[in-house]
Amino acid sequence: DEVFNSTLVNALGMYVVKLEIGTPPQTVYLQVDTGSSDMYVNDADNAYCELMSYGSDYASTDNYELTATFTELPSSTISSEAYTTLCSYWGAFSASNSSTFKYNDTHFDETYGDGTYYKGTYGTDVVSLGNITLESFSFGVANSTENQAGILGISLPVGENTDSLENAYNITPFEYKNFPMALKSHGKIEKTAYSLFLNEPDAHFGSILFGAVDKSKYSGQLYTVPMLQAFNTIDSLNPGMFVTAQGVAIVDSDSKNKTASEVQFPVLFDSGTTYSTLPTGIADAIGKIFGGKYSSVDQGYIVDCSKVNNTQLSFDFGGFNISANISNFVTPAKDRCLLNIEATDSGFVLGDAFLVDAYVVYDLENREVSIAQASFNDQEEDIKIISDGVPGATTAPGYYSTWVYTPGSPIGTGDFYNISWTSYSENSEYQTLIATAIPSSSSSSSSSSSSSDETTTKNRN
Amino acid sequence: NSYVKLPVQKLANIPDMDSQGASDIFKR
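Residue numbers (the numbering used here), protein chains in the order written: chain A, 1350 to 1810; chain B, 124 to 151.
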C-alpha cells in the first residue's frame, strides 16, 4: 500500500573463468566451482533466458524504488557491448550454431546446495581457453535452469551427475573426463591437480593454476591433508573434496586466541559458495564470542560492527592453522552487521570468504588437499609443476587424525567453547535484518517488539 | 609447459529479481 525503499544486497560476487565453446567459438563465463564436478552452460534458447529477456520478472517492481551502485571495472574485463538479456551477459551456448557440437543423448538433472538446478542433455564440442584446445570435451547444455551463468565444476569425477541418474533415467552410472581430467588426458598437465588463488577480497582477478603450484602466492608452509574417503565413493550422498577441520578459534588484534571448538568435522573448500556453513554448535560458539544473535532468515549472526574489527577466524586442519579476516564474512546492514556464518547440521562448507585468505591445492589423483596462508605481496611468479607430489608441501602433523563417520552424528566429539550458550535462532527482532536494512520512515512492524532469548543448555557432544 | 593458468575473474552477482530473498544467492 505504500512505497517501500528496499536495498539490493551485494552478494560479494562470484568467481568466473572465460571459455570459448564450439565452432565458431561462442564465449561463456562459467562460475568456478570446486564443490561440483560437471560443466554446464545455459542453452541460449532455454525458457529462463527468454523470460529474462522479456523483463516480466521486473513487472512487480512498480512499488519499489530501486537504487544501484555501479563500480567501474578495468576495461579489459567487461566490454562495452550492450547485453539484451542477463543470460547473454554471462554467455549462453547455442548448440545449433556450432558445427562441431554433438548431443550424446544422456540427460542430467542436478540440484545444488542453494536449491538452484540445471537440467538438460550432455554433449561434446571443442572447448578452448587461450591457446589451449580440448577436442570432444563433454559438458551439459541446460535447457531448464534459473541460473543466469553456467558453471565449471572441477571436483572429483565421483561427483558427476552421471553417477546419480540411475533411478530417474535408467542410466548405468558412469564417469567421464571432466575439465581437470581432460586437461591431463590431452597432455596439457601432468597430474590432475590444480591450485586456487582467489586473491584479496577487493581484487578483480585471482587465478587457477592447473597442474602446478605458484609458490609466490602463499606464505609459510604448505601442508597436506587427506580428502575424506567417506565423501569419495559412488555411494556417497554428498560427494566432494572434504577434509577434516580439527578446531576453530577467534584471534583478535592482540593475537589472543578464543577457542570456539575443538570438535572435528568434515568441511569442503568450495569456491562456488560465497560464505560458510558450519555445524550449529560451532557456529553458535563463534556467534557467542561476538555477542551475536542468530537470524535464520539472514543465515548468520547479528553483531555489533565494532566487535568484528581486526579479528581473524582461524581453523586448525591438523597441527597448523589457516586464518581468514572476519571482515570477509561481514555484511554491514542497518545499524548492525551480519556475520555470514550459517548454522547447519550437514554439508559444512568454507566458501569464498575463507578461500580469499587461503592458497589451496586440490590433488584429485592422490585425493589430498594442500593448504597455506595466501600471500598478497605481488611477488614474481614461482611456478612448480605437479608431477608426483605437490612441490613444497609437507604432510600435516595431524594428517592421520581424521574425522570418522559415526552413524547419526555429523561431527566428531570434543568441546565447544563454553558448553552452555544461548540459542537465538528464533529471535524475532532480527529475523529479517537484510530485508529491512533500510526501512522507510513511515514503515512500522512488529520487529520493534521485545523478544525473549531462549536459553538452552547444551551438553558435550 | 605442463601447466595451464586461467585468470579467475570476480564478477558482481546480478541478484535474481524473482527470488524471495538474499538466501538464494548465498551458496551453491
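Glycine included, each C-beta is placed from N, C-alpha and C at the ideal position.
Model, not experiment: these values are computed from the prediction.
Rounded distance between the beta-carbons of A/Leu1379 and A/Ala1498, thought under 8 angstroms: 7 angstroms
Contact under 8 angstroms by Cβ, A/Thr1383 with A/Ser1513: no
A/Ile1671 beta carbon less than 8 angstroms from that of A/Ile1811: One cannot answer for residue 1811 of chain A here, as it falls past the ends of chain A, which runs 1350 to 1810.
Short Cβ contact (8 angstroms threshold) for A/Ile1690 with A/Ala1745: no
Unbroken stretches of the beta strand (DSSP E), 3 residues or longer, contained in the region 1534–1578 of chain A: 1542–1546, 1554–1559, 1561–1563 and 1567–1575
Beta-carbon spacing of A/Ser1457, A/Asp1387 below 8 angstroms: Contrary to the premise, residue 1457 of chain A reads as Phe rather than Ser in this sequence. It is a contact, given that the beta carbons lie within the stated cut-off.
Environment of A/Pro1301 [buried if 16+ CB atoms lie within 10 Å]: Coverage of chain A is limited to positions 1350 through 1810, which leaves residue 1301 of chain A absent and any answer about it impossible.
Closer than 8 angstroms to chain A by CB, B/Val131: yes
Whether A/Asp1731 touches A/Ser1565 by CB criterion (8 angstroms): yes
Residues near A/Gly1700 in its chain [Cβ-Cβ closer than 7 angstroms; skip 5 each side]: Asp1619, Thr1622, Thr1623, Tyr1624 and Ser1625
Stretch pair the region 1359–1375 of chain A + the region 127–134 of chain B: three plus CB contacts closer than 8 angstroms: yes
Beta-carbon contacts of A/Asp1706 that lie in its chain and below 8 angstroms, excluding the five residues immediately before and after: Ile1671, Ser1672, Ala1673, Asn1674, Asn1677, Gln1722 and Ala1723
Contacts that A/Tyr1364 makes with chain B (C-beta to C-beta distance below 9 angstroms): Val131, Gln132, Lys133 and Leu134
Beta-carbon contacts of A/Asn1496 that lie in its chain and below 6 angstroms, excluding the five residues immediately before and after: Thr1465
Chain-ordered neighbours of A/Ser1556 on chain B, where CB pairs are closer than 9 angstroms: Lys128, Leu129, Pro130 and Val131
Residue(s) in a DSSP beta bridge with A/Asp1392: A/Phe1442
Burial state of A/Ala1417, where buried means 16 or more other Cβ atoms lie within 10 Å: exposed
Chain-order list of residues whose beta-carbon lies under 7 angstroms from that of A/Gly1696 (same chain, five-residue window excluded): Gly1462, Asn1587 and Thr1626
Simplified DSSP assignment, three categories, for A/Asn1480: coil
Residues that A/Val1381 contacts on chain B, provided the C-beta gap is smaller than 7 angstroms: Val131
Test: A/Gly1560 CB closer than 8 angstroms to a CB of chain B: yes
8 angstroms contact criterion, which A/Lys1540 and A/Glu1714 should meet: CB distance rounded: 6 angstroms
Short CB-CB distance (under 8 angstroms) between A/Glu1729 and chain B: no
Sheet register partners of A/Val1679 (DSSP bridge): A/Leu1688
One or two residues paired with A/Gln1722 in a DSSP bridge: A/Ser1568 and A/Ala1707
Beta-carbon proximity check, A/Leu1577 vs A/Trp1752, cutoff 8 angstroms: yes
Neighbour-count burial assignment, A/Ser1789, 16 or more Cβ in a 10 Å radius: Confidence at A/Ser1789 is low in this model, with a pLDDT of 34, below 50, so its placement is unreliable and no value can be given for it.
Cβ-based burial, A/Asn1453 [other Cβ within 10 Å; buried from 16]: exposed
Cβ of A/Lys1605 within 8 angstroms of any chain B Cβ: no
Helix, strand or coil at A/Asn1606 according to DSSP, with G and I counted as helix: strand
Neighbouring residues, chain B, relative to A/Glu1484 (Cβ below 7 angstroms): Near A/Glu1484 there are no residues of chain B at all, since even the closest Cβ is about 15 angstroms away, more than 7 angstroms.
Presumed contact (8 angstroms Cβ cut-off) between A/Pro1522 and A/Ile1583, rounded CB distance: 6 angstroms
Which residues DSSP lists as bridging A/Tyr1461, in chain order: Its beta-bridge partners do not exist; DSSP assigns none.
Under 8 angstroms between C-beta atoms of A/Gly1472 and A/Ala1444: yes
Pairwise C-alpha distance: A/Gly1508 and A/Ser1309: With chain A covering only 1350 through 1810, there is no way to say anything about residue 1309 of chain A.
Chain-ordered neighbours of A/Ala1552 on chain B, where CB pairs are closer than 8 angstroms: Lys133
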